[in-house]
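Here full-length UniProt numbering is used: the first residue of the sequence shown is 1, the next is one more, and so on.
Yeah, the Cβ is synthetic: ideal placement off N, Cα and C, and Gly gets one too.
Shown next, in structure tokens, is the structure this report addresses.
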Amino acid sequence: MTANIQKSWVIDDAGAQMTMKNFLHKKLHFSRRLLTAIRKQGGKCLLNEKEAHMKEILHLHDQLTVIFPDETSGHIEATEMELTIVYEDDDYLVIDKPAGQACMPGMNDRYTSLANGIQSYYNASGHPATVHIVTRLDKNTSGLVLVAKNRYAHALLSEAQKKHQIHRVYEAMITGKIEPSAGTIQAPIARKEASIIEREVNKEKGKEAITHYRTVSSHTRASSLRVQLETGRTHQIRVHFSHLGHPLLGDDLYGGKTDDIQRQALHCAALEWVHPFTKKRMRFDCPLPLDMVNCMKKLTVPPT
């Protein structure tokens, strides 16, 4: 039998004398939409183990429990597949996504995305939620993806994302040698006119985009970089380095050659954030996949 997702809190001085609704909204950052869903879609609030109304006044040391309504999977079909799960707890998953797999279903492929596999995993374990991907990657970018296992956990990390509190470090391989060897790229990004996929640096219409980078090694035809995003625009790393004349290897959409690797040489190698419930700093690292390792080996061999 499927168990409902629930969370409990003991009321401290900061919450005492507030209504339950105000405490949930102002102190615990429940959205009004989620509060309405709890009230109308089968959720419950318990105060000291008894069902209670949202207008109840909270007192010091009260125990408040929220039982969340089940979530429907909506448009995401469940497809059984092998997932490389790096970490899992009641609220979050960290998954190592391979290159060539989209994070979410698309118009032309409804069944093979990472979300399809996660939904199947949830169904098999009786987890009553749909898929909430916090940090998406492009289809042909490999590496760590952070997933929230319920909508409240997702909302908390979405807020952290807006405040730049989720840190991702990427390994990238760019064409040529960039000068200076370490620095920050600040160049606004917008959708390219007449394209639904491509982005470009556009100082008039673009949104702020900031990328920090450091050269790890330089080879005959390319360089390996460590890259950290301060903002998270679509294709940000790919667009920024292409704009500077150093497109990612394999990234033919933005001018990179596919001689040494058949997809953009970009991998999310590290992920760090503060867990909203345990308050612990979480850090995960992920080694380079084989195609990028092999590409690097090719580049270190002098041309004959």
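Am I right that residue i and residue j are in contact with their C-beta atoms under 8 Å? What's the rounded C-beta distance?
{"i": "V66", "j": "Q17", "result": "With 8 Å as the limit, V66 and Q17 do not qualify as a contact, their Cβ atoms being about 19 Å apart."}
{"i": "I95", "j": "V86", "result": "7 Å"}
{"i": "K149", "j": "D70", "result": "So it is not a contact: roughly 13 Å between Cβ atoms."}
{"i": "L144", "j": "F277", "result": "Actually they do not touch by this definition, with Cβ atoms about 20 Å apart."}
{"i": "Q228", "j": "H267", "result": "The pair is not a contact, with the Cβ atoms about 13 Å apart (cut-off 8 Å)."}
{"i": "M173", "j": "C295", "result": "6 Å"}
{"i": "L34", "j": "A155", "result": "7 Å"}
{"i": "residue 310", "j": "E208", "result": "Any question about residue 310 goes unanswered here, given that the chain covers just 1 to 304."}
{"i": "L299", "j": "H219", "result": "4 Å"}
{"i": "A265", "j": "L249", "result": "4 Å"}
Taking only three categories from DSSP, how would you classify residue i?
{"i": "H267", "result": "strand"}
{"i": "Q262", "result": "coil"}
{"i": "S125", "result": "helix"}
{"i": "K50", "result": "strand"}
{"i": "K207", "result": "strand"}
{"i": "S142", "result": "strand"}
{"i": "K257", "result": "coil"}
{"i": "K297", "result": "helix"}
{"i": "R168", "result": "strand"}
{"i": "R283", "result": "strand"}
{"i": "M1", "result": "Its pLDDT being 41, under 50, M1 is placed unreliably by the model, and the measurement read from it follows with that caveat. Three-state DSSP puts M1 in coil, outside helix and strand."}
{"i": "R33", "result": "helix"}
{"i": "H275", "result": "coil"}
{"i": "S224", "result": "strand"}
{"i": "E159", "result": "helix"}
{"i": "Q119", "result": "helix"}
{"i": "L114", "result": "helix"}
Nearest to residue i by alpha carbon, out of the options?
{"i": "residue 305", "options": "Q186, R214, E171 and L244", "result": "A question about residue 305 goes unanswered here, because the residues of the chain that appear run from 1 up to 304."}
{"i": "A190", "options": "S223, E51, D62 and Q236", "result": "Q236"}
{"i": "E80", "options": "S120, G106 and M296", "result": "S120"}
{"i": "E82", "options": "G117, S113 and I57", "result": "G117"}
{"i": "S223", "options": "E208, Q161, A182 and K207", "result": "A182"}
{"i": "R263", "options": "G255, A269 and L93", "result": "G255"}
{"i": "P105", "options": "A124, Y152, D138 and H127", "result": "D138"}
{"i": "H132", "options": "T112, N123 and A153", "result": "A153"}
{"i": "T19", "options": "M54, S31 and P188", "result": "M54"}
{"i": "I11", "options": "H127, M282 and H61", "result": "H61"}
{"i": "G176", "options": "T215, R32 and A194", "result": "T215"}
{"i": "A273", "options": "E49, A194, W9 and Q161", "result": "This sequence places Trp at residue 273; Ala is not what is there. Of the candidates E49, A194, W9 and Q161, the one whose C-alpha sits nearest the C-alpha of W273 is Q161."}
What separation, rounded to the nearest whole angstrom, lies between the Cα atoms of residue i and residue j?
{"i": "K280", "j": "V134", "result": "18 Å"}
{"i": "H59", "j": "V293", "result": "58 Å"}
{"i": "A129", "j": "T72", "result": "6 Å"}
{"i": "R110", "j": "Q101", "result": "12 Å"}
{"i": "E159", "j": "Q165", "result": "9 Å"}
{"i": "Q41", "j": "T141", "result": "37 Å"}
{"i": "E51", "j": "K44", "result": "7 Å"}
{"i": "G206", "j": "K97", "result": "29 Å"}
{"i": "M1", "j": "R136", "result": "Any answer about M1 is weak, because its pLDDT of 41 lies below 50 and its placement is not dependable; what the coordinates show is given next. Cα to Cα, M1 sits roughly 31 Å from R136."}
{"i": "L114", "j": "A124", "result": "16 Å"}
{"i": "H246", "j": "P180", "result": "13 Å"}
{"i": "L288", "j": "G15", "result": "46 Å"}
State buried or exposed for residue i, treating a residue as buried only when at least 16 other CB atoms are found within 10 Å of its CB.
{"i": "I197", "result": "exposed"}
{"i": "I38", "result": "buried"}
{"i": "Q63", "result": "exposed"}
{"i": "S242", "result": "buried"}
{"i": "I57", "result": "exposed"}
{"i": "M107", "result": "exposed"}
{"i": "H127", "result": "buried"}
{"i": "L290", "result": "exposed"}
{"i": "A99", "result": "buried"}
Cβ-heavy atom distance between residue i and the ligand NAD below 7 Å?
{"i": "D260", "result": "Questions concerning the ligand NAD fall outside what the structure shown contains, since it holds no ligand whatsoever."}
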